[in-house]
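> Following this message is one structure expressed as structure tokens.
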Amino acid sequence: MSERHPLPTAPSASFRRKGPLEAAGELIGQSSVAPRARTWLKRLYHALLMLQTGGRGLRSALPHGEVVYVHPAHRFMSWNPAEYEAFRSTVRPGTVALDVGANVGSYSVLLGQWVGVGGRVYAFEPAPDVFDGLTRHIALNHLQHVVCAVAAAVADRDGIARLTISPTAGESRLTALAARGERLAAFDGRCIPADYVAPRSNTPGILGRRALPAGRLARLGATPDVHHGLLSDAGAGEGVAVVSIDRFCARERIEPDFIKIDVEGWELAALRGARETIGRRRRDTLALFVEMHPSVWPLIGVTKDDVLAELHAQSLQIAPLTPGQDPWSLEGECVRLVPRSCAS
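Adding 227 to a residue's 1-based position in the sequence shown gives its number in my numbering.
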């Protein structure tokens, strides 16, 4: 496989200007401070930034006039220029969109603005702390009744999985899924063990709850399933709910017009779980984007040939966002999947 390069993203400075308080905070951040004091100072700093903005958050302006308000804790939020242009060109008012692997909502809030009050965005994020950032940005941008945050990972079937939490937001990934025989029950549009009870969120625009307790997950007896690209990493990670796109869409009675998948290497499982949805929509208006992570595939028993076979089975092929680009050589590269006869 050829050498891979990181996905280029425009720096946060391209979208907003730093105020005096933020500049001073960065200078303090570079100084030598005890860890406990640093944590306290960071919280104070974020609170002061929010106070300075009247509680609205930091203002980011994008090339076509969109404004996104960002919580200070996520002030380095950025957008890839090619993705931004590609997504924007395919989303219309009234669109139903799935943001699979939403992170803290950089694209979810844009999608919410683009689809408008007549549309709907479902933003999937399994990592608890990152999910908090997602819901925070939905609220800061007043999109609670357009963007629905779903506290779940996405794979090829519903169930329970272990999620290895990365210290870097957006890089957490699944490690194991519950065995097929695990008894499941519907909960907030997802599936969890039938004997697990958790309060339903009363916050508008949120489906789900926090991660399952580690002890409860340990009793699931999860087994490895190499066919589905799932590792047996006994005892590692937090327990999270997993849904497939097909079953989620069936439960919600929706037909998405736009799907963006960024699942840190689990693209194959997500696509397998979306066969029916893609099959119904691909000849119609579906805009399907997938971020590729080929360096992760060998770690989870997936090969390039496996991905190509799935694309062939669904009559899809890759259309790079940048013409002539090799999608297999760029780590974290978002590509568009189109019917084989439509790729240029």
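All C-beta atoms, glycine included, are put in the ideal place defined by N, C-alpha and C.
1. Helix, strand or coil: how does DSSP classify Q544 here?
2. Taking the alpha-carbon positions, what's the Q514 to L543 distance?
3. Excluding sequence positions up to five away, which residues of its chain have a Cβ less than 8 Å from the Cβ of R507?
4. Kindly indicate which residue of P550, G528, R502 has the alpha-carbon position closest to the one of Q541.
5. Would you mind reading off the limits of the alpha helix (DSSP H) that contains F485?
6. In the DSSP assignment, what residue or residues form a beta bridge with F516?
7. Name the residue from S287, R567, V357, A324 whose alpha carbon lies nearest to the alpha carbon of G343.
8. Measuring alpha carbon to alpha carbon, tell me which of P320, F485, G328, R499 ends up nearest R563.
9. With C-beta atoms as the reference, is A497 less than 9 Å away from V381?
10. Please report the straight-line C-alpha distance between Y296 and I365, rounded to a whole angstrom.
11. Cα separation between R474 and D326?
12. Does DSSP classify D452 as helix, strand or coil?
13. Please report the residue range of the alpha helix (DSSP H) in which S316 lies.
14. Can you check DSSP and say which residues form a bridge with A536?
15. I believe V467 touches L361 by the beta-carbon criterion, under 8 Å. Please report the beta-carbon distance rounded to the nearest angstrom.
16. Give the DSSP-derived three-state secondary structure of E558 in the structure shown.
17. In chain order, what residues of the same chain lie with their CB nearer than 7 Å to the CB of E293, ignoring the 5 residues before and after it?
18. Give me the residue from P525, S333, S316 with the minimum Cα distance to F242.
19. Determine the direct distance from the alpha carbon of A288 to that of L495, and round the result to whole angstroms.
20. With burial defined as no fewer than 16 other Cβ atoms inside 10 Å of the residue's Cβ, what is the status of F303: buried or exposed?
21. At the level of alpha carbons, what is the spacing between T504 and I472?
22. According to DSSP, simplified to helix, strand and coil, what is D326?
23. Once the 5 residues before and after F358 are set aside, which same chain residues still bring their CB inside 6 Å of it?
24. Which word fits E312, buried or exposed, when buried means at least 16 other C-beta atoms lie within 10 angstroms of its C-beta?
25. Over the uninterrupted beta strand (DSSP E) stretch that includes S287, give me the two end residues.
26. Helix, strand or coil for R263? Go by DSSP, reduced to three states.
27. I'd like the span of the alpha helix (DSSP H) that includes F358, first residue to last.
28. Just mark P651 as buried or exposed, buried being the case when its beta carbon has 16 or more other beta carbons within 10 Å.
29. According to DSSP, is S471 part of a helix, a strand, or is it coil?
30. Within the same chain, show all residues whose beta-carbon is closer than 7 Å to that of T549, passing over the 5 residues directly before and after it, in chain order.
31. So what's L390 in DSSP terms, helix, strand or just coil?
According to the data block:
1. DSSP places Q544 in the strand class (E or B) of the three-state scheme.
2. According to the sequence displayed, residue 514 carries Ala and not Gln. Rounded to the nearest angstrom, the two C-alpha atoms are 12 Å apart.
3. So the qualifying residues of the chain are E482.
4. Looking at the Cα atoms, R502 is the closest of the given residues.
5. Per DSSP, F485 belongs to no alpha helix (DSSP H); it is in the beta strand (DSSP E), 485-488.
6. Looking at the DSSP assignment, F516 forms a beta bridge with K487, R563.
7. That would be A324, whose Cα lies nearest to the Cα of G343.
8. Answer by Cα proximity: F485.
9. When the beta-carbon positions are compared, A497 and V381 come within less than 9 Å of each other.
10. For Y296 and I365, the distance between alpha carbons rounds to 9 Å.
11. Their backbone Cα atoms lie some 16 Å apart in a straight line.
12. Because D452 sits at a pLDDT of 28, beneath the cut-off of 50, its placement in the model cannot be relied upon, and the following sentence gives the value as read from the coordinates. DSSP places D452 in strand when its eight states are reduced to three.
13. Residues 308-317.
14. According to DSSP, A536 bridges with nothing at all.
15. That pair is no contact at about 14 Å.
16. Correct three-state label for E558: strand.
17. Correct list, in chain order: L337, Q340.
18. When the alpha-carbon of F242 is set against those of P525, S333, S316, the nearest one is in S333.
19. L495 and A288: Cα-Cα distance of roughly 34 Å.
20. When all chains shown are included, F303 counts as exposed.
21. Looking at the two C-alpha atoms, the distance is approximately 7 Å.
22. In the three-state scheme derived from DSSP, where H, G and I count as helix and E and B as strand, D326 is classed as strand.
23. Hits under 6 Å: E352, A378.
24. The C-beta of E312 has fewer than 16 other C-beta atoms within 10 Å across all chains shown, which makes the residue exposed.
25. In the DSSP assignment, S287 falls within the beta strand (DSSP E) that extends over 285-288.
26. It is helical.
27. Here the alpha helix (DSSP H) through F358 covers 355-367.
28. One cannot answer for residue 651 here, as it falls past the ends of the chain, which runs 228 to 571.
29. S471: strand per DSSP, three-state reduction.
30. Same-chain partners within the cutoff: A309.
31. Strand, per DSSP.
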